Each structure stands twice: as C-alpha cells, then as structure tokens.
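Residue numbers (full-length UniProt numbering): 1 to 453.
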Amino acid sequence: MEHIGILEGREKQVFEKKIGAELSDIACETSSLSGSVSQRACVFCGSRVVLYPVADAIHIVHGPIGCAAYTWDIRGAVSSGPELHRLSFSTDLQEMDVIYGGEKKLYLSLIELIEQYKPKAAFIYSTCIVGLIGDDIDAVCKKVAAETGIPVLPVHSEGFKGTKKDGYKAACFALMKLIGTGSTEGISKLSINILGEFNLAGEAWIIRKYYERMGIEVVSTLTGDGRIDAVKRAHGASLNVVQCSGSMTSLAKDMEEKYGIPYIRVSYFGIEDMSKSLYDVALHFPDHPEIMEAAKQVVSEEVKKLYPELQKFKKALTGKKAAIYVGGAFKTFSLIKALRSIGMSVVLAGSQTGNKDDYKRLKEMCDEGTVIVDDSNPVELSKFILEKEADLLIGGVKERPIAFKLGIGFCDHNHERKIPLAGFVGMYNFALEVYQSVMSPVWQFAPRKGGNR
1 MEHIGILEGR
11 EKQVFEKKIG
21 AELSDIACET
31 SSLSGSVSQR
41 ACVFCGSRVV
51 LYPVADAIHI
61 VHGPIGCAAY
71 TWDIRGAVSS
81 GPELHRLSFS
91 TDLQEMDVIY
101 GGEKKLYLSL
111 IELIEQYKPK
121 AAFIYSTCIV
131 GLIGDDIDAV
141 CKKVAAETGI
151 PVLPVHSEGF
161 KGTKKDGYKA
171 ACFALMKLIG
181 TGSTEGISKL
191 SINILGEFNL
201 AGEAWIIRKY
211 YERMGIEVVS
221 TLTGDGRIDA
231 VKRAHGASLN
241 VVQCSGSMTS
251 LAKDMEEKYG
261 IPYIRVSYFG
271 IEDMSKSLYD
281 VALHFPDHPE
291 IMEAAKQVVS
301 EEVKKLYPEL
311 QKFKKALTGK
321 KAAIYVGGAF
331 KTFSLIKALR
341 SIGMSVVLAG
351 SQTGNKDDYK
361 RLKEMCDEGT
371 VIVDDSNPVE
381 LSKFILEKEA
391 DLLIGGVKER
401 PIAFKLGIGF
411 CDHNHERKIP
421 LAGFVGMYNF
431 ALEVYQSVMS
441 PVWQFAPRKG
451 GNR
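Listed below in structure tokens is the structure:
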C-alpha cells in the first residue's frame, strides 16, 4: 500500500481488502505513533466521557484549567432531572501547587462544592500533572467521604498512562465501587442494566421504552441520565446489556465475576441490530415466551412505519460511497449494515479502540477494496477518502473539518450530537441526515477535491 503514503510505522494498522490478499491481523490496542496526530483522546478524556452523564454527582478535575475546559459539556447527554454533570469544576493547579502539592486545594474545593450543591457523590479525576507531582487523591477522597457522608471516588486517569481505552477502565473501576452498595429490594427478575448507553439526545429514553413495552424492567442505565442510587443497586439486575462495548465491557466482566450477572453485547443502531438487541434480551428469559412475543410486536410496529420512508432515501442514495471513522468498532458494524439498507457502500472503515476480533469481523463484513484502519490520523483519512472517492464521512467533531475541506458530506455519529440516532426512530434520523448531507445542492458550489462529483 505504498501508493497511499501512510506514515512509516503505521503500515500494520492499515489493511485493504483485496481478492487473494492474505487476511493478516491488524495491529491494534497499542499506543499511538509519535507525531501521527492521532484522532484519539487521552486517558483522562476517556474516563470523563464515560462518567460525565451521571447527573446528580459533581465532577471535579484535579489539574490545570485546560483539562476541565477540554471536557466541559462535551457530550450531548441529557438528564430528566438534575444537571450537575453540565457544570465543570477544576482545582486549577498553578505553578506553586505543582511545587508544593495540590492536596489541600483539592480538599477545600471538595468541601465547598459538596456543601453548596449537595450532590449524591463526587468523582475526582487525576490529570497528567497530578500523576507527576504525586498528590495522594485517594487519601483526600477518603477523608472528605468520612466528613460529608457521601461517596467521593478517585478516578486515576492521568493522560500519559495509556490510551482512551484505559480511561474507560478507570471509569469502570470507579463505578464498581458504587455498585453493590444499594438495596435490591423490589427489583423484578425480568430486569436488565443498559451499559454503555449515554443518553445522547435522549436515546436512553427511547431504548428504555422499547424494553418496557416488552415487560422488562431497566434497573440502571450506565451512565446516560445516570443517578447514583440507581448505580448502587445495579447488581440486582438479571442481565447486563452492553451497548458501547469499548467503554463498558470491562465493567460487565467485573459484575459477572463478582455478582454472577451475565452480559450480552448489542447495538441500537440500524433496523437489523436494533431488532436483534430486543430479541437477544427476550432470549435470555426463555421461561417467559410473552416477552419474545412482545419484542416481535414492537419490531413489527416500528419497522412497518420506518421501512417505506427508508425506501425514499434509498432511491436517491444507491451507489453513493461512505467512509466511517468512529470511536468503537462495534458501532462500525451497525453503520455498515445501516448504510447498506439505504443503498450505500462503505469504502473506508476504522475505529480508535477496536481489537483483533473486531477487525477480523470487519474484514468479513466489508466489500472488496475497502480500507480498514486502526487509530488513524487526518492525513491518512484524507488520502483514503480521496482515493476511494467517498461521498460522505461519518465520524466525530474532529473528523468534521476533514470532510468539509475535501468537499464531501459529513454525518456526526459521536457523543457531541444533538439528534438521536439510536432505535428505529434514530434510523430514520440517520437516513435523513445522510440524505441531506450527500444530496445537498451546496456541493455544486464547493467542488470535491481530488475527484469528480
């Protein structure tokens, strides 16, 4: 693949599916190549985005003000009640704090904030500088918890410790300290927790209603529209349903080991995977066939409304090409299926946090000629998009400028978006956004670079 001009040292993280080509493993789950300008975020950001939607806790960033500013209100996660999560608190460490330590500053900040806002818990995020100067945030958290009577949880998320995925694990470790500390009284045997659903634009509410129509109780959503009391009693559920596998699989495994709760991986994007997520939950309760019947009824009703609308979009979009670069590979699987359902092919598929099994499945799913990438960067993404003549890029806020500079459509499928894309209604919203982006008349005034429209 020398003609693509990828950086030296990145060759093993790029694969192009060709007839007769050896299906070698893609290198993944490694630190980003120095100087590549990876699209990944740091460990701290990984933990922050997982815990951010817990709405009745305060979130304090122990470090320089820039870290707090970088992660201030970055998710489109909405709350049905308190909105403490939308406030950004920082200890704002300065030079003298670096020299003499910031523990006293952290302690005083916690006492003041807890007294003023009366939260159910507090999460304390350690940043790079805290890891370097050696502040003992565990001791501070323990002291404040004893004085205030609420859980004060350290999140060891120093940015230099690894990748964004390590931040997910740090967040899950903090959540495990809460799980199991609440009462499970009154929880139905027909119950689940939804893990890795962050209630972007209200998506958790949409999914919860589907399960409730099936007769399933949702004990806790981790962490969308999250509440500390619900997290505490999550160990009472019969099944964990993991939506964002990259961020929450470690928590599901820990809960299975400690509480014996099995888990399944699902996706709520697209007709096929949304339907399967309902059926898979129903299959977990074989002694209650009425749940499966209810699931079939939900799918039938929703698809009956949705399918005719999708055909209108498919007529215009058939033959168009899409490039996908998102955080978790599991989302990529669903997007490929969803795009095919409206007539589009995928010419580039990549993720920031995929593992070997994820990429093996991607190779099986993708068409000949598709480029598969792990932990890509702007230069690579631009080259692949130009070479494959993609009409649309699906990604996050950092990928948007790439699409617009190249003169192609863009669809935001990351955590900043304000439109629900999960569930059956989300599939309609997704198809509509793709259609409006790709078929917009604006492109006649902004010619695509590197190819013909």
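Glycine included, every Cβ here is placed at the ideal spot set by N, Cα and C.
No experiment lies behind these values; they were computed from the predicted model shown.
What is the DSSP secondary structure of residue i, counted as helix, strand or coil?
i           : result
Pro82       : coil
residue 454 : The shown model of the chain, from 1 to 453, leaves out residue 454, and the question about it has no answer.
Arg213      : helix
Lys304      : helix
Asn199      : coil
Val266      : coil
Leu153      : strand
Gly350      : strand
Ile324      : strand
residue 460 : Because the chain here runs from 1 to 453, residue 460 falls outside it and cannot be looked at.
Asn429      : helix
Glu261      : At residue 261 the sequence reads Ile, which differs from the Glu that was named. Ile261: coil per DSSP, three-state reduction.
Ser31       : coil
Ser345      : strand
Ala77       : strand
Gly9        : coil
Ile291      : helix
Gly186      : coil
Ile60       : strand
When you compare only the Cα positions, how much space is there between residue i and residue j?
i      : j      : result
Thr223 : Phe445 : 43 Å
Met248 : Gly343 : 32 Å
Glu11  : Ile194 : 37 Å
Lys258 : Asn240 : 13 Å
Ser191 : Glu185 : 13 Å
Glu272 : Ile65  : 44 Å
Leu317 : Glu380 : 26 Å
Pro82  : Leu362 : 40 Å
Ile58  : Lys337 : 39 Å
Thr163 : Ala77  : 23 Å
Phe15  : Val347 : 12 Å
Met255 : Ser126 : 25 Å
Ala41  : Asp56  : 25 Å
Leu108 : Lys331 : 42 Å
Gly226 : Ile129 : 29 Å
Met1   : Gly407 : Bear in mind that a pLDDT of 37 at Met1, under 50, signals an unreliable position, so the number given afterwards is only what the model happens to contain. Distance between the alpha carbons of Met1 and Gly407: 25 Å.
Ser79  : Thr221 : 12 Å
Lys17  : Val371 : 6 Å
Ser188 : Gly236 : 9 Å
Tyr435 : Ala121 : 43 Å
Considering residue i, what are the terminal residues of the alpha helix (DSSP H) in which it resides?
i      : result
Glu217 : From DSSP, Glu217 is part of no alpha helix (DSSP H) but of the beta strand (DSSP E) over Glu217 to Thr223.
Tyr52  : Here Tyr52 belongs to no alpha helix (DSSP H), and DSSP marks it neither H nor E.
Asp166 : Lys164 to Leu178
Met274 : Ile271 to Leu283
Lys337 : Ala329 to Ser341
Gly66  : Ile65 to Tyr70
8 Å is my cut-off, CB to CB: does residue i come that close to chain B?
i      : result
Asp374 : Chain labels in this structure do not include chain B; a single protein chain is all it has.
*Please confirm if the segment 392-401 is in contact with the segment 277-284, defined as three or more CB-CB distances below 8 Å between the two stretches.*
Contact annotation: the segment 392-401 does not touch the segment 277-284, with fewer than three C-beta pairs closer than 8 Å.
*Output the residue ranges of the alpha helix (DSSP H) runs that lie fully inside the segment 363-418 and measure 4 residues or longer, sorted by chain position.*
List check, alpha helix (DSSP H) in window: 378-388 and 400-406.
*Cβ contact check for the segment 357-372 and the segment 284-296: 3 or more pairs under 8 Å*: By the Cβ rule, the segment 357-372 does not count as touching the segment 284-296, because fewer than three pairs are nearer than 8 Å.
*Flag this pair as touching only if the segment 298-306 and the segment 412-421 have three or more C-beta atom pairs under 8 Å; answer yes or no.*
In this structure the segment 298-306 does not touch the segment 412-421; the number of beta carbon pairs closer than 8 Å is below three.
*asked:* For the structure I just gave you, are there three or more beta carbon pairs, one from the segment 135-145 and one from the segment 162-176, closer than 8 Å?
replied: Inter-segment contact for the segment 135-145 and the segment 162-176 is absent: fewer than three beta-carbon pairs are separated by less than 8 Å.
*Every unbroken alpha helix (DSSP H) within the segment 90-145, with a cutoff of 4 residues, ordered by chain*: Those alpha helix (DSSP H) runs which fall completely within the segment 90-145 and span 4+ residues are 95-100, 103-117 and 128-133.
_Taking 8 Å as the cut-off, does the segment 202-212 touch the segment 146-166 (at least 3 CB pairs, one atom from each stretch)?_
Between the segment 146-166 and the segment 202-212, the count of Cβ pairs shorter than 8 Å is below three; the stretches do not touch.
_Any beta strand (DSSP E) of 3 or more consecutive residues that is wholly inside the segment 230-256_ = Given a length threshold of 3 residues, each whole run of the beta strand (DSSP E) inside the segment 230-256 is given here in chain order: 239-242.
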